[in-house]
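Those sequence lines, one after another, are chains A and B. With the first letter of the first sequence counted as 1, position 131 gets the number 131 in the working numbering; the numbers rise by one all the way through. With the first letter of the second sequence counted as 1, position 368 gets the number 368 in the working numbering; the numbers rise by one all the way through. Here the structure comes first, spelled out in structure tokens, and everything after it is commentary.
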Amino acid sequence: MRLPDRVTGLFLVGLGAAAAYGGWQLPPVPGQPVGPNVFPLVIGTGLALCGLAIAFGIGHSFEEEEELIPVEGEQANKPPPGKLYGLRALLPPALLLFYVAVADRLGFIITAGLIVFVTSTALGARPKLSLPLAVLAPIGIHLIFSKLLRVPLPAGLLPMPW
Amino acid sequence: MLNTLFEAFALISTWEVIIAMFAASVYGLVIGSLPGLSATMATALLVPVTFYLSPIAAIATIVAASTMAIFSGDIPGALLRIPGTPASAAYADEAYAMTRKGEAELALGAGVWFSAVGGIAGTLSLMILAPPLAEIALSFSTFEYFWLAFLGLMCATLVARSSPVKAIAAMFIGLLVACIGIENPGGVPRFTFGMTDLFGGIEPIPALVGVFAVAQVMRAMLTPEPPPIPKRKFGSILAGQWRLTKKYNVQMTRGNIIGIIIGVLPGAGADMAAWVSYAMSKRFSKEPEKFGTGHVEGLVEAGASNNASIASGWVPSLLFGIPGDTIAAIAIGVLYMKGLNPGPTLFTEKASSMYAIYLMFIIANIIMIPLGIIMIRLASHVLRAPRSSIMPVIMLCCAVGSFAIGNNMFGVVTVAMFGIIGYVMEQNGYPVAAMVLGIVMGTMIEQSFVTSLIKSDGSIFPFFERPIAAILAAMAIGALIWPVLVWGWRRFKRAAAPAASAG
């Protein structure tokens with residue numbers, strides 16, 4: 001997901017311009033010189049200017065390269081990651097959206113179990129670990145949040161006895 | 001004064017506070033010691049739990065968890081060369097080199113001992129600095145608040161270990177996020193795109209959880225698992241620490257002071273303090289050639305520094321609602337929820353609560369020594385837990401915790417979105433701390449800006465007329481043009497160098 005500065009910079013120019021334009025469109029408070037439109041206008045303009053500067057590489061020399069601490073051993077014999085490997089990073093937010101979409105229907109325990117199973121498998125756990133975890137972790141979290149802290153978690157298909 | 005102190009004692013000597021503090025300490029030690037789980041993340045995931053606690057117990061959990069997590073990040077740093085939290089990254093190499101020389105006890109002991117000393121020094125600075133500053137702050141008008149907030153945002157961009165332009169852009173993104181909702185001078189829906197969920201604006205806490213927790217799980221998906229810790233027996237942990245204290249007391253004090261200063265600066269936290277102190281220690285050391293080969297001197301200074309910054313980060317938070325670092329940003333959210341709205345009057349009206357905070361910091365730093373030693377001895381067991389069993393639980397906590405903040409699913413969507421935003425920003429060198437600061441301070445800076453503009457009838461001169469406002473303005477503008485000057489100077493030098501060598 002490392003994008004060239006030109007791309008992120010130009011994206012910020014667009015975002016800033018859109019914010020400034022959106023702010024401009026807001027209705028002013030009658031009889032007052034400044035209203036809700038001033039702040040987005042200032043911010044949007046500033047953001048667009050920063051975006052331009054980034055796109056032209058200003059300030060790049062200040063960036064320090066991230067110190068990568070190499071993990072010793074077994075680095076060499078890993079297969080080279082495929083093209084779609086980078087997309088794995090999108091799994092956690094996708095699972096959270098999945099939770100939003102189905103938790104009310106399936107209930108907390110089932111949804112959470114699925115999330116735990118997928119996350120843990122994606123991180124390389126064997127079924128011997130991920131299956132028990134998918135059963136126990138949701139029950140534990142449910143116990144803490146629903147019983148102790150009284151958060152109304154959706155019951156769905158599998159309500160808990162407490 | 002003495003009365004308030006007794007009241008404060010009464011406030012913290014309830015079972016609820018004691019249990020909350022102890023549980024949060026253990027939690028902080030465990031999360032901090034696991035590589036990839038930072039102190040900020042530990043604190044952010046605690047927030048839903050604090051809803052159900054009394055105000056003092058809620059603050060106790062945050063104080064205890066953040067203090068412990070910063071120390072326990074040293075443990076995997078020393079044993080595996082992988083810092084548990086970013087705050088330990090500066091000296092992980094050094095500590096690991098000591099372990100290789102067979103001095104693991106000394107390295108870890110220095111971690112726990114000088115962390116405790118640093119934490120107490122930071123607390124003293126909070127006790128000494130905050131009340132007189134509150135006195136001055138009582139006379140502040142919106143002009144001063146505007147410049148103060150502006151200065152805070154500029155500081156955050158200056159100290160970021162990244163391009164200042166990108167840091168400023170990240171800050172603007174945060175301010176833009178804060179624009180969403182109807183809480184603006186006109187009370188009109190702004191940038192809500194017709195979604196009722198956005199009318200209330202973006203809550204800072206789900207945004208923080210997304211940026212610090214979800215983004216971390218996303219990174220874990222692409223990075224290899226850290227190796228398990230080798231089993232080892234430890235000798236006495238605290239042996240020799242008193243000798244070190246006497247030998248390196250100058251370094252320790254310097255570390256404390258640097259940590260306090262960096263903690264007070266908005267946006268710069270423990271990790272920055274550790275980097276600066278480690279570098280300083282090396283520069284002023286009598287034996288700089290030993291650095292990097294397992295020399296304890298830098299560990300003393302940086303360890304004393306990063307914990308000192310935790311407590312002093314609360315100074316601007318309590319006084320002005322301007323977070324000293326990302327952990328303090330979360331603390332501010334909790335303070336607001338618990339009716340302890342930050343501001344100078346907090347020190348007069350709720351003095352006993354303030355004393356309770358000081359006391360909790362001191363207690364947390366004292367119990368850190370025994371608990372930290374236990375943690376060091378248990379580390380090889382705790383750190384054996386594979387990442388694939390911890391990250392899924394973090395995911396569940398993110399989902400349930402963000403739901404619990406408003407009891408609606410939109411919180412979960414916010415967390416997911418900010419996970420992506422935080423991940424992409426971090427990957428491209430935009431410091432997320434600056435954005436977080438923008439989100440937390442956005443409403444405040446807009447209010448003081450617009451109110452000031454209305455008072456001054458559209459003219460900008462009143463912004464500079466009051467003496468304190470003028471000083472703050474000068475500092476803020478200086479901070480703004482500083483990177484430009486540095487950039488110009490570098491250009492000039494680079495242009496001059498070839499000319500000189502040619503001539």
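All C-beta atoms, glycine included, are put in the ideal place defined by N, C-alpha and C. For clarity, every value in this text was computed on a predicted model and none was experimentally measured.
For R377(B), the uninterrupted alpha helix (DSSP H) run begins and ends at 351-382, by DSSP.
Comparing alpha-carbon positions, the option among F463(B), C398(B), I439(B), W487(B) lying closest to P48(B) turns out to be C398(B). Secondary-structure assignment with DSSP links R190(B) through a beta bridge to G181(B). Of all residues in the segment 8-32 of chain A, only T8, G9, L12, L15, G16, A19, G22, G23, L26, P27, P28, V29, Q32 place a beta-carbon less than 9 angstroms from a beta-carbon of chain B. In this structure, the alpha-carbon of I257(B) lies about 43 angstroms from that of G14(A). The C-alpha of W147(B) is placed about 48 angstroms away from the C-alpha of P227(B). When A137(B), M171(B), K166(B) are compared, the shortest CA-CA separation from G152(B) is found for M171(B). N307(B) is outside the set of residues whose beta carbon lies under 8 angstroms from a beta carbon in chain A. When secondary structure is reduced to three states using DSSP, Q427(B) falls in the helix class. Rounded to whole angstroms, the Cβ separation of P342(B) and V264(B) is 14 angstroms, and the two are not in contact under 8 angstroms.
The C-beta distance from V165(B) to I58(A) rounds to 6 angstroms, short enough to fall under 8 angstroms. Restricting attention to P127(A), P159(A), L47(A), the CA atom closest to the CA of Y21(A) is found in L47(A). Just measuring C-alpha positions, the residue of I182(B), T4(B), G77(B) sitting nearest S38(B) is G77(B). Burial state of E144(B) is buried, judged by a 10 Å Cβ sphere holding 16 or more other Cβ atoms. Nearest to P185(B) by C-alpha distance, out of G156(A), G23(A), V151(A), is G23(A). When Cβ-Cβ separations below 8 angstroms define contact, R88(A) makes contact with chain B. Using a Cβ-Cβ cut-off of 8 angstroms, G107(A) does not count as an interface residue toward chain B, since no Cβ of chain B sits closer than that to its own. Residue-level contact by beta carbon holds for P392(B) and chain A, with a gap shorter than 8 angstroms. Relative to the Cα of L5(B), the nearest Cα in the group V412(B), M98(B), Y358(B) belongs to Y358(B). For I12(B), the closest alpha carbon among the candidates V250(B), M41(B), S54(B) is that of S54(B). In the structure shown, T50(B) falls within a helical segment according to DSSP collapsed to helix, strand and coil. Using a CB distance cut-off of 8 angstroms, V116(A) counts as an interface residue toward chain B. Identification of chain B residues near V135(A) by a Cβ-Cβ cut-off of 7 angstroms yields none; the smallest Cβ-Cβ distance measures about 12 angstroms.
Residue-level contact check: G32(B) does not touch chain A, since none of the beta carbons of chain A fall below 8 angstroms from its beta carbon. The three-state reading of DSSP puts M280(B) in helix, counting H, G and I together. With respect to chain B, the C-beta atom of R6(A) has no partner C-beta closer than 8 angstroms. The Cβ of L222(B) sits closer than 8 angstroms to at least one Cβ of chain A.
About 6 angstroms separates the beta carbons of G36(B) and A220(B), which is inside the 8 angstroms limit, making them a contact pair. Secondary structure at N3(B): helix, using DSSP grouped into helix, strand and coil. Taking a C-beta cut-off of 8 angstroms against chain A, the contacting residues of the segment 413-440 of chain B are V413, V415, A416, M417, G419, I420, Y423, V424, Q427, N428, G429, Y430, listed in chain order.
Inside the segment 7-63 of chain B, DSSP marks whole alpha helix (DSSP H) runs of 4 or more residues at positions 15-33, 39-50, from first to last along the chain. Within the same chain, Cβ atoms closer than 6 angstroms to the Cβ of V102(A) are found at T111, the five residues on either side in sequence being excluded. I141(A) belongs to the set of residues whose beta carbon lies under 8 angstroms from a beta carbon in chain B.
Non-local C-beta neighbours of M409(B) in its own chain, meaning closer than 8 angstroms and more than five positions away in sequence, comprise F403, ordered along the chain. For T326(B), the enclosing alpha helix (DSSP H) starts and ends at 326-337.
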